[in-house]
Structure formats: structure tokens, C-alpha cells
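Below you'll find the structure, written out as C-alpha cells, and then a few comments.
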Amino acid sequence: MLLYFVFVLGIGFALKRFMKTSKDFFQAGRALPAWICGLAFISANLGAQEVIGMGASGAKYGIATSHFYWIGAIPAMIFVGVFMMPFYYGSKARSVPEFLRLRFDEKTRAYNACSFAVMTVFSSGISMYAMARLIQTLHVFDSLFIKLNMPLGWIFHFAVIISAVIVLGYIFLGGLTSAIYNEVLQFFLIVAGFLPLVWVGLKNVGGWNGLKATLPSAYTHSWQGMTNPHNNPLGVEWFGLAMGLGFVLSFGYWCTDFLVIQTAMASDSEESARRVPLIAAIPKMFFPFLVILPGLIAIATPAITQHAMVHTHVAGTSASALVATDLNNSISTGKGLIPAKVNPVTGKVMTDEKGNPLFDYDLAIPNMLLYYFPTGILGLGLTALLASFMSGMAGNVTAFNTVWTYDLYQGYIHKNASDSHYLKMGRWATVGGILLSIGAAYAATSFNNIMDTLQLVFSFVNAPLFATFLLGMFWKRTTGHGAFTGLISGTVAAVLHHGLTLPTDARPGIHGGWIAVVHFYPSQMAQNFWTAIWAFSVNFVITVVISLLTKPRPEPELVGLVYSLTPKPVEHTMGWYARPKVIAVGLIAMLIALNLIFK
Amino acid sequence: MNLDLRVPMGALFTLVGGIMSIYGFFTRGSVIYERSAGMNINLIWGLVMLMFGVTMYLLGRRADRRPKPQPVEGTARPLGHGHGGH
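Which chain is which? The protein sequence lines are A and B, in order. Sequential numbering from 644 applies to the first sequence in this note's numbering. Sequential numbering from -6 applies to the second sequence in this note's numbering.
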């Protein structure tokens, strides 16, 4: 693990001497090969929420979780590569908000830049918080702290600070190049750490067939019961799934989020930039086997020899006594390797209203690592887990420093300064971004609900975004006023929809229904998907209406920004196998095949 | 960029893989492998990583010595024969 940290910082130092202009720092000099950017493209998204969350949903919902990849990512990645990347890369915009300024106007850009900057800081703070909690729960540094005679309560602070210092170190020195290089390194580490886990785990439960035999059939069939929301574990029907997740949410994320787009924009030519998301789609397609399967195996593992498992930690002096009595309880009520959720204050197993125990699904992957890995490779597994947290953080921090420096600082605070000034600003924005993230991480420790609320607010802001980009890029009549009004009303629509509906098993409040309840959804996921669908549709309609009422921009100004006015990229110089459209068709075929196999 | 990522990455995997295989070699038949379904996962996976690391390192080194065509900023096409980057 130490070796990994040394390498991470080493890359930062090695790249420092190349960082001469702000372009080197923020855009990696636009000189990276496509395969590196492609792997960084998925690795930037492979943060805490991804690895822990997908393993948890795997344990909770089964293989249906793979819809988040196969429907919720791949089609959008293909679309951004084939159709949208020429505009991002070719317009010479340096960030997504800057593209909005070129295409629309200042206010649209300012709105997007501000909401995005706040969002990245909080996401990286959440990553940091989750990582520190995990280090605490897994007792990674416990022996070190006991040896040094330091209180165990400091482990949380220690973990926050050390992750902040490392991420800060390599970004401060090497900018986006360094972040991208490290994301690729982290990608390989995650694969190296999780592949043997799946292998050993599958072997232990008797292969895929053994898994199928132990688990209920809904766990191993991703499409079973999709015609009716009450018949499948996700509680969503196919239309909500395809439109909400597959279209609005996933296209909104993969096609407009600068966090992932920045890696593609760092590549060395437009041709490479278009290939970046397509290259990324290939490993992405197989990621369910790496992160969801462990969740399934965790459920299927017989719950007899759970010698090394972690149980949710109980604080206080009388902890050991409580744990002793409750540990047995927690194991016997747990599912496979998933322990029951234990209330940290009372030490009792938490139950829902009907008296069924709640499960702590987030521990699925960490427990798998501890259960199946002997000393030696366990270190690799834990490093891989930590690497995934850091890559998520780093992507957010580089996206933040770029948007802050180019879109907010250069755009509104200090125009026309020298390039070296902006480079310096970018470095300090990195420091500022990380300090703010630390603040966010500590805010999360004391006010858990604030974090949930913030994530909810972000989802309102993000949900309508894709309609704006879609209209902006493919309809030359779209105007700045139209886009801005559309975005705002889309967000308002999301808020209203959330306030007026409720998942059946929740009380009005943070889960919705805080205005009045006019409609019930079978699950929270269904509600989220439909919120997105509403936000998108309202934005789309309002943007079109307002655009028709306002004066369009003259066509020559829009060349390179709108599909119909931009010369199509020439593809015949490439070998047939390298053309984006050919790769896209191949990817779709693979996608269909995977869905058929696991239907 | 002048630093080929494959070189440091190859070095990292070679080192980690090497350490793991050596550790695995000296703990053959140990009880710790009961967990991993009886396989000496340290030795096996250490060797896999070692091989991957060495391959990456050599590929990176070889590419370093052969200068690649420089893509032209802003235009879509790198000069020369343009499909070597994948």
C-alpha cells in the first residue's frame, strides 16, 4: 500500500516539469493517447458510490443492478462518442460550462458553472468521508495507532488528512495529466484487486451455476418481471427504467458532466476524443462482473465460518460486552456475509416497522475482501478499494479547479490576466477545493441528513441538463434565453414532482410528498426515474417554446457548435475497424448479447 | 506528453506482483489459504501481476525509443498514419 502511495506521488513529481502553461495543467496539454483517456473516463466515475454502492445493490437487488451499466451507461457513452464529442473538442471550449457560453450565453454558463463547482466539492467530500469511515470500520490502521500509542478515535481524522494530502499532492504538481495517469493506475489496481476476489468467491459457491442454485431466480435474471414494478426487486417497470435511467439520467451524466468529459477533452486529437468514450464502454460493459457479482456472492456464501468479518462498530466503554452478545445476534440475522445493521448507540440490531432486520449492504464488498483474501493479497484488495475512493475524489477536484479558474475566475473575477497567473490560480484552486471537500466531509459526519438533502438538490439541478445540450447541439434555432429558462423550469419541475409524489413505503419528508401526496410509486428508484423524466420533458418543451419566441443567433456564429451547420468529421482516413460508428455498432451488438445471456 | 504511463505502471505491478509471488512461494500449504478455496492465491495472482507488469514495462520502453507522429493541434487528424494510439 505504501508502495502505491509512493508511486502516485512519484508520477506527480515526474510530471511537474511538463506543467508550463495553464493548458498543460487544466487540459493535460491536449496530448494524451485515447486508451489512457478512455480508462480514465470510467475511472473518474469509479468513486466511492460506484464500488461500494454497486456491490451493495448487487447484494440487495441481484444482477438487475447491471442495468445501471448496460442501460444506464453504455448507450450514453456511445452517443457522446459518436455525436457529441466533435462539438466539445472541436469548439475549443475548455470546459462544459464554456461550451454553454459559446453556444448560448453568459447566464446559462454561470448557472451551470456555479452549480457544478458546488457539486464537485461536495461529491469529493462525500468520497473522503466514506473512505475515512471505511478505514475506521476495517481497522486498517488500528495496529499502527496502538503501537504509536495514539487514541483510535483519531483514525478518522488521520484518514481524511492523508487522503487529502495525497490527492492534493499529485494534482498540485501534475494537474489533469497527473490525475488522469493516476486514474488509469487506479483502474488497473481495481481490476487486479477485484478479479481474484470474484474468481475465488465464485469457485467457493460452485461457479455461476452454484450461484444460481443458491439464490432466488430474480437475483440472477436481470429482466425477469420487468413488465410489472411489483414483480421485480428494483420496483420499476421497463418504461421508467428505459426512459428515466437509460435516457434522461445516463445521458445527462455521461454526455454533460465535465467530470468525465474532461478526460476525453484531454486527448490528442478529435479522432481520439471520439474514441475515448467508446474505448471506455468496453471495460464498462464487463464491470458488473467485477463490482456487482461480489455482492451476489456475499449473499450466497454460507454464513458459518465468518471469522474475520467486520460488524458495525459500537462506540463507548461498554462496547465489548455489547458486541459479544450482539455479534451472534447479528450473524444469525445477517444474510450470507451481509451483517444486520447495528445501531451504533444502543448496539441493537436495527429493524424496520414489521420487525424484519435491516441489512448493512454497504459492507458487502469489504466483507468479501476480508472473508476470501488471505494475508498478502488482502493488502492489494484494500489498496484497490482505497484507490477507487481516491480516483473519484481526484476527478472531482480537477473538474473543480478547471471550472473555477476558467469559468468563474477568468470569466467574472479577473479577466485578461497572464497565463502563468491562471496556472497559479489553478494550483491554489486545487488547494481550496480540497479544503472545502474536507469541510464537506466533516459536515457529513455531523449532519447526515444535510448530505442526503444536498444530493437530492443536485439531482434536481442535473436532471433536466441533457435536454439543453440535445437541443443546443441538434437544433440551430435554440436560443440562450430558451436554454436558460428551460433549465430553470426543468429544475422547478423536478422539485415539484418530488414534493408531490412518494414511494409507497416512505413517510412524507426527505423521500418526497412534502407538498401533498398525489401519486404513489412502488419504490424510491421508480420515483427518481420519473422525477428525471418530468424534469427533462418540461425543460425540453419550455426551451422549444421560448426559443421560438426569441430571436435566434445568426447561423455563421454557430458553425462548429450545431450539428447541421458543422462539416461532418472525415472518417475514411481511418481503418474501417477504428471508425467510431463501426465500434459503436460492435458495442451495441455486445450489449444485446449480454442482456440476452443474463435475461 | 513525454512520460509514457506504461513504464511506471509496469514497474508498480512488477514490484507488487514480485512481492506477492515471493510471499506466496514461502507460504505454500499454509492454513491461510483455506479462505481462498484452497488456492495459493498470493502465488497465482502475484505471478499474473508480475507478467502484466513486465509486459507493460517493456511495451512502454519500446514505444519510448520510437518517436510517434505528432498530432496537429486543433485539426482532427494526426499527421502520418493515424491509427497507432489504440
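Where is the CB? At the ideal position from N, CA and C, for every residue including glycine.
**OP:** Compare the beta carbon distance of M1036(A) and V764(A) with 7 Å and say whether it is the shorter of the two.
**Re:** Result no, Cβ atoms of M1036(A) and V764(A) do not sit closer than 7 Å.
Original post:
Smallest Cα separation from T1045(A): which of P920(A), F815(A), F799(A) and A1007(A)?
Top reply: Per the Cα distances, F815(A).
**OP:** Please confirm if I1226(A) has its CB atom under 7 Å from at least one CB of chain B.
**Re:** False, the Cβ-Cβ gap to chain B never drops below 7 Å.
Original post:
Is it right to say R(-1)(B) is buried, meaning 16 or more other beta carbons lie within 10 angstroms of its own, or is it exposed?
Top reply: So R(-1)(B) counts as buried.
Original post:
Which residues of chain B have a Cβ atom closer than 9 Å to the Cβ of A942(A), listed in chain order?
Top reply: Here residue 942(A) turns out to be Ile, not Ala, going by the sequence shown. Neighbours of I942(A) in chain B, taken as residues whose beta carbon is under 9 Å from its own, are absent, since the nearest beta carbon is some 17 Å off.
Original post:
How many angstroms separate the CA atom of T1209(A) from the CA atom of G1203(A)?
Top reply: Distance between the alpha carbons of T1209(A) and G1203(A) is about 5 Å.
**OP:** Output yes if chain B places a C-beta closer than 7 Å to the C-beta of L1230(A); else output no.
**Re:** Cβ-Cβ to chain B under 7 Å: no for L1230(A).
Original post:
Can you list, in chain order, the residues of the segment 10 to 25 of chain B whose Cβ is nearer than 7 Å to any Cβ on chain A?
Top reply: Of all residues in the segment 10 to 25 of chain B, M13, Y16, G17 and I25 have a Cβ within less than 7 Å of some Cβ in chain A.
Subject >> Beta-ladder partner(s) of S821(A), from DSSP >> reply: Residue pairing of S821(A) in beta bridges, as defined by DSSP: absent, with no partner found.
Original post:
Between the C-alpha atoms of L791(A) and F890(A), what's the straight-line distance to the nearest angstrom?
Top reply: Taking the straight line joining both Cα atoms gives about 53 Å.
Subject >> Beta carbon proximity, R44(B) to chain A, threshold 7 Å >> reply: Note that residue 44(B) is Met in the sequence shown here, rather than Arg. Chain A, which has no Cβ nearer than 7 Å to the Cβ of M44(B), makes this no.
Subject >> Contact check, I679(A) vs V827(A), beta carbons under 7 Å >> reply: Taking C-beta atoms as the reference points, I679(A) and V827(A) count as a pair closer than 7 Å.
**OP:** Alpha carbon to alpha carbon, how far is I1235(A) from V1228(A)? Give it in angstroms, no decimals.
**Re:** If you draw a straight line from the Cα of V1228(A) to the Cα of I1235(A), it comes to about 11 Å.
Subject >> Which listed residue (I685(A), D1062(A) and T780(A)) has its alpha carbon closest to that of I642(A) >> reply: The structure shown does not extend to residue 642(A), since chain A spans only 644 to 1242, so no value can be given for it.
Subject >> Within chain A, the residues that L(-2)(B) reaches when beta carbons sit closer than 7 Å >> reply: Result: I679, Y824 and V827.
Original post:
From this set, L1191(A), M928(A) and L1025(A), which residue's C-alpha is nearest M1233(A)'s C-alpha?
Top reply: For M1233(A), the closest C-alpha among the options L1191(A), M928(A) and L1025(A) is that of M928(A).
Original post:
Mind checking if G1038(A) is an interface residue toward chain B, Cβ cutoff 7 Å exclusive?
Top reply: G1038(A) does not count as touching chain B.
Subject >> L781(A), enclosing alpha helix (DSSP H) - first and last residue >> reply: Here the alpha helix (DSSP H) through L781(A) covers E749 to L781.
Subject >> One or two residues paired with G1155(A) in a DSSP bridge >> reply: Answer is G1152(A).
Original post:
In or out: S1063(A) buried (at least 16 other Cβ within 10 Å) or exposed?
Top reply: S1063(A) counts as exposed, since fewer than 16 other C-beta atoms from the protein chains shown sit within 10 angstroms of its C-beta.
**OP:** Count the other CB atoms, across all protein chains shown, that sit within 10 Å of the CB of E741(A); report buried if there are 16 or more and exposed otherwise.
**Re:** Sixteen is the threshold: when 16 or more other Cβ atoms of the shown chains lie within 10 Å of the Cβ of E741(A), as they do, the residue is buried.
Original post:
Should G1019(A) be flagged as near chain B, meaning a C-beta pair shorter than 7 Å?
Top reply: Yes, contact with chain B.
**OP:** Pull up the CB-CB distance for F788(A) and L795(A), whole angstroms please, since I reckon it's below 8 Å.
**Re:** Going by Cβ atoms, the distance from F788(A) to L795(A) rounds to 6 Å, so yes, they are a contact pair.
Original post:
Taking Cβ-Cβ distances below 7 Å as the criterion, which residues of the segment 833 to 857 of chain A are in contact with chain B?
Top reply: Hits within the stretch, in order: A835, P839, V843, K846 and N847.
**OP:** Scan the segment 1054 to 1087 of chain A for residues whose Cβ lies nearer than 9 Å to a Cβ of chain B and list them as they occur along the chain.
**Re:** Within the segment 1054 to 1087 of chain A, no residue qualifies.
Subject >> Limits of the unbroken beta strand (DSSP E) element including L1145(A) >> reply: Here the beta strand (DSSP E) through L1145(A) covers T1144 to P1146.
**OP:** Please state whether DSSP places I706(A) in a helix, a strand or coil.
**Re:** Three-state result, I706(A): helix.
Subject >> Simplified DSSP assignment, three categories, for S1166(A) >> reply: The answer is coil: DSSP assigns S1166(A) none of H, G, I, E or B.
Original post:
Are at least three pairs of beta-carbons, each pair with one atom in the segment 7 to 18 of chain B and one in the segment 1013 to 1024 of chain A, less than 8 Å apart?
Top reply: In the pairwise beta carbon analysis, the segment 7 to 18 of chain B is classified as touching the segment 1013 to 1024 of chain A: at least three pairs are separated by under 8 Å.
Subject >> Touching by the beta-carbon criterion (3+ pairs, under 8 Å), the segment 707 to 721 of chain A and the segment 845 to 860 of chain A >> reply: With a cut-off of 8 Å, the segment 845 to 860 of chain A and the segment 707 to 721 of chain A do not count as touching, because too few Cβ pairs lie within range.
**OP:** Please state if the CB of V1181(A) and the CB of G1123(A) are separated by a distance shorter than 7 Å.
**Re:** Not closer than 7 Å, so no.
**OP:** With DSSP as the reference, label L675(A) as helix, strand or coil.
**Re:** In the structure shown, L675(A) falls within a strand segment according to DSSP collapsed to helix, strand and coil.
**OP:** Find the residues of chain B that neighbour F684(A), judging by a C-beta separation of less than 7 Å, and give them in chain order.
**Re:** Result: empty, since nearest Cβ-Cβ is about 14 Å, beyond 7 Å.
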